[in-house]
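Here the structure is laid out as structure tokens; the discussion comes afterwards.
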Amino acid sequence: MGIAKELDGIELHGDRSGQKWTVVERLKMEADWTPGQFSVGYRVIREDGLEGFMKASDLSMAFDKDDPIKALREMASGHEFERTILDRCRGNRLDKVVTALDSGTASLEYQGTREYVFYIIFELAKSDLRKIVKVKEGNDLIWVISAIHNIAVAMAQIHGIDVYHNDLKPGNTLIFEETEKVADLGRASSPEFPVSHDRLLCAGDRRFAPPEQLYHNQNTSLDLDRYVKSKAGDLYNLGSIMHFLITKRQLTPEVISRLDPCFRPAIPGGGWYDSYEGVLPYWRSAQDTVLTEFYDDLPEEWLDKFRFALDDVRTVIMHLCEPDYCLRGDLKDSNVTLSKYGLQRIISKMDLLRTKVIVTSRA
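Okay, so the sequence shown: first residue is 1 according to the UniProt record's numbering, each after it adds one.
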């Protein structure tokens with residue numbers, strides 16, 4: 001265990017701001033924390049009283065890996081990559097993306113030696129989608145549609161600066177006083193800033209991943225530019241979050257649970273070892289089954305007053321979560337390029353739908 005896991009009460013001076021931060025408490029690692037990340041979470045407070053969330057790492061975290069040298073390289077490059085991407089978001093004033101308040105490195109005494117810790121400090125949110133959906137039974141549909149709109153805007157913002165999230169999920173979508181923001185760009189990709197996880201088939205959390213990231217692609221005709229696939233994957237994950245907000249169920253696990261074991265993503269001893277293209281009909285059938293259950297267990301008020309909105313959201317989910325990523329996105333654009341996966345139409349649709357739901361709720 002390195003110093004990054006023992007920072008309670010430590011004072012740090014941010015390299016960006018020059019201000020002092022006090023580490024208040026270590027935060028519990030949540031169940032859907034993306035595997036493979038070299039960091040520990042803390043609540044911190046700045047000398048002027050502003051609270052923040054800190055991700056801290058130290059070099060010892062690489063020594064538990066099978067290849068420590070490789071892990072050290074990935075840790076260092078990943079930290080620098082995330083800082084660079086966050087600086088870019090901040091510079092472009094992306095108001096729906098959680099950006100860094102501060103960052104830095106420190107040499108601290110630990111168990112008789114000096115150890116280096118490096119950290120990034122973010123805005124501190126009230127909660128995240130995963131927690132609030134658990135707590136708020138029968139979430140207000142106006143809030144749900146508004147959240148979907150804000151998350152879509154966030155994804156359009158980062159796509160607009162050639163950044164692709166790769167790990168959008170409820171735990172990475174944070175709730176603030178007046179809006180929702182997308183967080184955690186540690187597994188993102190950008191053609192301008194290559195990083196070690198670019199070579200992974202699935203850079204984010206496999207439990208939430210689209211099918212093209214779960215099955216080895218042996219069809220070279222579908223082996224497109226990885227950034228095109230990352231952007232297409234972000235669309236799937238956006239649709240998956242929409243499904244979660246309405247039904248409180250995660251799309252990918254629901255689909256996999258309905259697949260015959262021989263068609264599930266490969267694991268030692270079983271699963272599908274053939275091509276992504278070959279498994280598509282089975283995935284599509286299972287996903288269709290899940291989406292036929294979309295209206296099950298929804299609040300009666302939603303079904304009675306807002307069926308039109310639920311129908312529209314379900315149609316958008318089907319559009320965003322099309323299992324074949326070559327068919328995902330704008331159907332009018334037959335070329336599978338980055339432009340095919342724009343989100344402006346979805347944003348406009350959600351904005352209009354929110355207005356209709358508000359008007360209907362007042363009728």
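All residues carry an ideal CB built from backbone N, CA and C; glycine is no exception.
Asked                                                                                                                                                    : Found
Going by Cα to Cα distance, which pick from A56, R26, L235, F208 is closest to G14?                                                                      : A56
Buried or exposed, going by whether 16 or more other CB atoms sit within 10 Å of the CB of C262?                                                         : exposed
Can you tell which of F244, D167, T289 has its C-alpha closest to the C-alpha of Q213?                                                                   : D167
Does the Cβ of H216 have 16 or more other Cβ atoms within 10 Å, making it buried, or fewer, making it exposed?                                           : exposed
How many Å lie between K65 and D8 at the Cα?                                                                                                             : 25 Å
In the DSSP assignment, what are the bridge partners of E109?                                                                                            : R114
How is the beta strand (DSSP E) around K55 delimited, first residue to last?                                                                             : 51-58
Would you be able to state if there are at least three C-beta pairs under 8 Å between the stretch 170-184 and the stretch 147-158?                       : yes
Shortest alpha-carbon distance to L201 belongs to which of R258, Y276, L280, I346?                                                                       : Y276
Does the beta-carbon of Y273 have 16 or more other beta-carbons within 10 angstroms, so that it is buried, or is it exposed?                             : exposed
Roughly how many whole angstroms lie between the Cα atoms of L222 and S103?                                                                              : Residue confidence for L222 is low, a pLDDT of 46 falling below 50, so the modelled location carries little weight; the figure read from the coordinates is stated next. Their Cα atoms are separated by approximately 40 Å.
Go to K20, then tell me how far its beta strand (DSSP E) extends in each direction, as first and last residue.                                           : 20-26
Per DSSP, V144 forms a beta bridge with which residues?                                                                                                  : V144 is not bridged to any residue.
Give me the Cβ distance between A132 and I175, rounded to the nearest whole Å; I'm assuming they're in contact under 8 Å.                                : Sequence check: residue 132 is Ile here, not Ala. About 6 Å; that satisfies the 8 Å criterion.
Going by DSSP, what residues sit across from S285 in a beta bridge?                                                                                      : S285 pairs with nothing; no bridge assigned.
Using only the alpha-carbon positions, how far apart do G49 and R130 sit?                                                                                : 27 Å
Tell whether a beta-carbon distance below 8 Å holds between V44 and R26.                                                                                 : no
So W302 and L310 are in contact, right, with Cβ under 8 Å, and what is the actual spacing, rounded?                                                      : 6 Å
Can you tell me which of G204, G171, T173 puts its alpha carbon nearest to the alpha carbon of G186?                                                     : G204
Just checking my contact of L235 with R328 at CB under 8 Å: how many whole Å lie between their CB atoms?                                                 : 6 Å
Nearest-angstrom Cα distance between M318 and G239?                                                                                                      : 8 Å
Can you tell which of P194, A147, G271 has its C-alpha closest to the C-alpha of I241?                                                                   : A147
Ends of the alpha helix (DSSP H) at V98?                                                                                                                 : First-last for V98: undefined, no H or E at that position.
With 16 as the cutoff for other CB atoms within 10 Å, does A100 come out buried or exposed?                                                              : buried
State the CB to CB distance for the pair R354 and I142, rounded to an integer number of angstroms; the pair is presumed to be in contact (CB under 8 Å). : 7 Å
Does E177 come out as helix, strand or coil in the three-state DSSP assignment?                                                                          : coil
Can you list, in chain order, the residues of its chain whose CB lies under 6 Å from that of E51, leaving out five sequence neighbours each side?        : I45, L124
Helix, strand or coil for P268 per DSSP?                                                                                                                 : coil
Tell me, please, which residues DSSP counts as bridged to G41.                                                                                           : K55
Based on the DSSP secondary-structure assignment, which residues constitute the bridge partners of G104?                                                 : Y119
According to DSSP, simplified to helix, strand and coil, what is R46?                                                                                    : strand
With DSSP collapsed to three states, give me the class of Y341.                                                                                          : helix
Pull up the CB-CB distance for V228 and S190, whole angstroms please, since I reckon it's below 8 Å.                                                     : Not quite, the Cβ-Cβ distance comes to about 13 Å (not below 8 Å), so this is no contact.
Nearest by alpha-carbon distance to R199: which of K20, N172, F53, S230 is it?                                                                           : S230
Between which two residues does the alpha helix (DSSP H) carrying H79 extend?                                                                            : 68-91
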